[in-house]
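In what follows, a single structure is set out as C-alpha cells and then discussed.
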Amino acid sequence: MNVCVLHNEVAPDAGPDEQDVLVQAAEISEALKRLGQAVSRTAADLECARALAAVRRHSPCLVFNLVESLAGSDALIHVYPGLLEAAGIPFTGSSAAALFLSSNKLIAKRLMACAGIPTPAHIDLSDCRPRVSAPGTYIVKSATEHASAGIDDDCVIEIASAADADAARTTFARRFRQGLFFAEAFIRGREFNLSILEGPGGPEVLCPAEIIFGGFGERPKIVGYSAKWDAASSEYLHTPRTFAFGESDRGLLESLKTTALACWREFGLRGYARVDFRVDEDSRPWVLEINANPCLSSDAGFMAAAHASGYGPDSVIERIMAASAQEGALS
Ligand SMILES: Nc1ncnc2c1ncn2[C@@H]1O[C@H](COP(=O)(O)OP(=O)(O)O)[C@@H](O)[C@H]1O
Ligand SMILES: [Mg+2]
C-alpha cells in the first residue's frame with residue numbers, strides 16, 4: 008500500500024518544538040517501510056493546493072497526518088485534515104472537527120464543562136472585561152498553541168481582581184502572539200498523561216504516566232518550554248516520567264482512565280490521543296488538555312506509554328493505520 012507521510016513544513020531556524028515533526032516523519036516512515044508499505048513524504052504549508060497536488064501525485068491509499076501547525080501556528084491544525092476529508096483521501100488520526108474542537112483549549116474547556124468532564128476554572132483574557140469570580144493562583148497559557156510554547160515560571164501569577172486580570176492581559180499579549188490566551192486556575196499537585204491507542208476492541212488506555220517534579224524548591228512545578236525541549240536544562244532533567252505506581256494509587260488511576268475515555272468519546276477521537284491531567288491535593292483529577300495528535304517520536308510520552316504497555320512502534324503505527332478512515336482498504 009502507498010502511504011504518504013504528510014507533515015508541516017519546518018523553517019530551518021524553527022525551535023526544537025517545531026523541528027520535532029521531522030523526527031516523527033523520519034521515524035514513522037521507517038516504521039511504515041518495516042511494515043512493508045511504500046512510503047512517500049510531503050511537506051504542507053499555506054499553499055494548500057500545491058501540497059494537495061503533491062499528495063495526489065503519489066496516489067496514496069492513506070495519508071499519515073503529522074501536520075501539527077501551519078505558518079508557525081497550531082491554530083490551523085485542522086486545515087489539512089479538512090481538505091483531505093473534502094478530497095476523499097483517507098488519513099490517520101482524528102477528524103478535522105475533532106482536532107479543531109480539542110486543540111483550541113477554550114473551546115475544549117467549554118465542551119468538557121458541558122459533558123461534566125472536570126477542567127480547571129479559567130478567566131478568558133481575550134475578553135476586554137475579564138471577570139474574576141475566584142481570586143487565586145492562575146497559569147497564563149495560549150488557547151491554541153501547544154508544546155508548552157511560551158510557558159515559563161512567570162506564567163504562574165496571582166489574580167485577585169479584574170485589574171490583575173487586565174494587567175495579565177497586557178503583559179502576556181506580546182508572548183502569545185495569536186491573541187488567544189487565558190488564565191487557568193493553577194492546580195498544585197501531581198501531573199499525569201494518559202495515552203489512548205485505538206485497537207480492534209475500541210480505544211485502549213495505555214499505562215498511565217506521571218511526571219515527577221524533583222528539586223523544584225519554591226519554583227512552580229510545571230512542564231514549561233525548557234522542561235520539554237531543552238535537554239540540558241535543569242527543568243528537563245528534573246521532570247522524568249514514571250509508570251510505576253503503588254497500590255494506593257489504584258483508585259486514582261482508574262478515575263483518570265475513565266475520564267480519559269470520556270474525553271475520547273465526547274470529542275470523537277480516532278486512532279490515538281493523549282490527555283494531560285493535574286490531580287489536586289484532594290486527589291481530584293482535572294483535565295488540562297486533550298491532544299488529539301500527540302507527538303509520536305520515540306522519546307515522547309505516547310511511545311513511552313505504548314512501550315510500557317507492551318506495544319512497539321510498529322504495532323502502534325499499524326493500529327493507528329487500521330483505525331483510520333478507510334479500514335476496508337487496509338485489509
Ligand atoms: N491549570 C494548570 N495547573 C497546573 N499546571 C498547569 C496548568 N495548565 C498547564 N500547566 C502546566 O503547563 C504544562 C503545559 O500545559 P498544557 O495545558 O498541557 O499545554 P501544552 O502541553 O499544550 O503546551 C502542563 O504540562 C503543566 O505542567
Ligand atoms: Mg500538555
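Numbers given in the working numbering equal positions in the sequence shown, counted from 1, plus 7. Glycine included, every Cβ here is placed at the ideal spot set by N, Cα and C. Owing to the predicted nature of the structure, the values given are computational and were not obtained by experimental measurement.
To the nearest angstrom, report how far apart residue i and residue j are at their CA atoms.
{"i": "Y172", "j": "R182", "result": "A quick correction: the sequence has Ala, not Tyr, at residue 172. Rounded to whole angstroms, A172 to R182 spans 16 Å at the Cα level."}
{"i": "N348", "j": "A50", "result": "Residue numbering for the chain in the displayed model covers 8 to 338; residue 348 lies beyond these limits and cannot be assessed."}
{"i": "F220", "j": "S202", "result": "20 Å"}
{"i": "L69", "j": "Q44", "result": "10 Å"}
{"i": "E37", "j": "T151", "result": "30 Å"}
{"i": "G224", "j": "A167", "result": "25 Å"}
{"i": "A61", "j": "E54", "result": "11 Å"}
{"i": "L108", "j": "S331", "result": "19 Å"}
{"i": "H245", "j": "D159", "result": "15 Å"}
{"i": "R285", "j": "R326", "result": "28 Å"}
{"i": "D2", "j": "V10", "result": "With the chain represented from 8 up to 338, any question about residue 2 goes unanswered, as that position is not in the structure."}
{"i": "A169", "j": "G157", "result": "23 Å"}
{"i": "A192", "j": "I124", "result": "16 Å"}
{"i": "N15", "j": "A267", "result": "27 Å"}
{"i": "D24", "j": "V74", "result": "13 Å"}
{"i": "F309", "j": "M119", "result": "22 Å"}
{"i": "L29", "j": "V17", "result": "8 Å"}
{"i": "P301", "j": "A329", "result": "18 Å"}
{"i": "E242", "j": "A251", "result": "21 Å"}
{"i": "V163", "j": "V230", "result": "12 Å"}
{"i": "V139", "j": "R184", "result": "23 Å"}
{"i": "P19", "j": "L113", "result": "31 Å"}
{"i": "T249", "j": "G196", "result": "16 Å"}
{"i": "S233", "j": "G22", "result": "11 Å"}
{"i": "C270", "j": "I297", "result": "7 Å"}
{"i": "D289", "j": "R272", "result": "26 Å"}
{"i": "H314", "j": "G258", "result": "23 Å"}
{"i": "G335", "j": "Y87", "result": "Its pLDDT being 43, under 50, G335 is placed unreliably in this model, and the coordinates cannot settle the point."}
{"i": "A82", "j": "G208", "result": "32 Å"}
{"i": "P137", "j": "K148", "result": "15 Å"}
{"i": "E217", "j": "R291", "result": "15 Å"}
{"i": "L337", "j": "C214", "result": "Any reading at L337 needs caution, since the residue's pLDDT is 42, under 50, leaving its predicted position unreliable; the model's value is listed next. Rounded to the nearest angstrom, the two C-alpha atoms are 27 Å apart."}
{"i": "A128", "j": "P210", "result": "28 Å"}
{"i": "R48", "j": "D306", "result": "22 Å"}
Could you work out which residue in the options is closest to residue i when comparing CA atoms only?
{"i": "A299", "options": "G206, Q26, H85 and V28", "result": "H85"}
{"i": "L91", "options": "L73, V10, M119 and L59", "result": "L59"}
{"i": "D52", "options": "P215, R184 and S76", "result": "S76"}
{"i": "R63", "options": "F98, L204 and F274", "result": "F98"}
{"i": "L187", "options": "M328, P67 and I130", "result": "I130"}
{"i": "S80", "options": "P67, F71, H153 and K112", "result": "H153"}
{"i": "G95", "options": "A122, E273, S66 and L83", "result": "S66"}
{"i": "A93", "options": "A78, E165, A56 and P127", "result": "A56"}
{"i": "V46", "options": "P137, M8 and R136", "result": "M8"}
{"i": "S304", "options": "P320, S133, L42 and R291", "result": "P320"}
{"i": "L295", "options": "S240, D283 and R48", "result": "D283"}
{"i": "F274", "options": "R41, Q26 and K116", "result": "K116"}
{"i": "G222", "options": "N72, P247, A174 and A280", "result": "P247"}
Kindly identify the DSSP beta-bridge partner or partners of residue i.
{"i": "I203", "result": "V212 and A280"}
{"i": "I297", "result": "V282"}
{"i": "R248", "result": "I218"}
{"i": "H14", "result": "A50 and L73"}
{"i": "S149", "result": "F188"}
{"i": "F183", "result": "DSSP, once it has assigned bridges, lists no residue as partnering F183."}
{"i": "E92", "result": "In DSSP, E92 forms no bridge with anything."}
{"i": "A45", "result": "N9"}
{"i": "V323", "result": "None, per the DSSP bridge assignment."}
{"i": "H4", "result": "The structure shown does not extend to residue 4, since the chain spans only 8 to 338, so no value can be given for it."}
{"i": "R257", "result": "Answer is none; R257 lacks a bridge partner."}
Counting only beta-carbon separations shorter than 9 Å, does residue i have a partner in chain C?
{"i": "P97", "result": "Judged by its chain identifiers, the structure shown contains no chain C, having just a single protein chain."}
The stretch 95-104 / the stretch 138-155 touching (three or more Cβ pairs under 8 Å): no
message: Taking contact to mean 3 or more Cβ pairs, one atom from each stretch, closer than 8 Å, check whether the stretch 24-41 and the stretch 253-273 are in contact.
response: no
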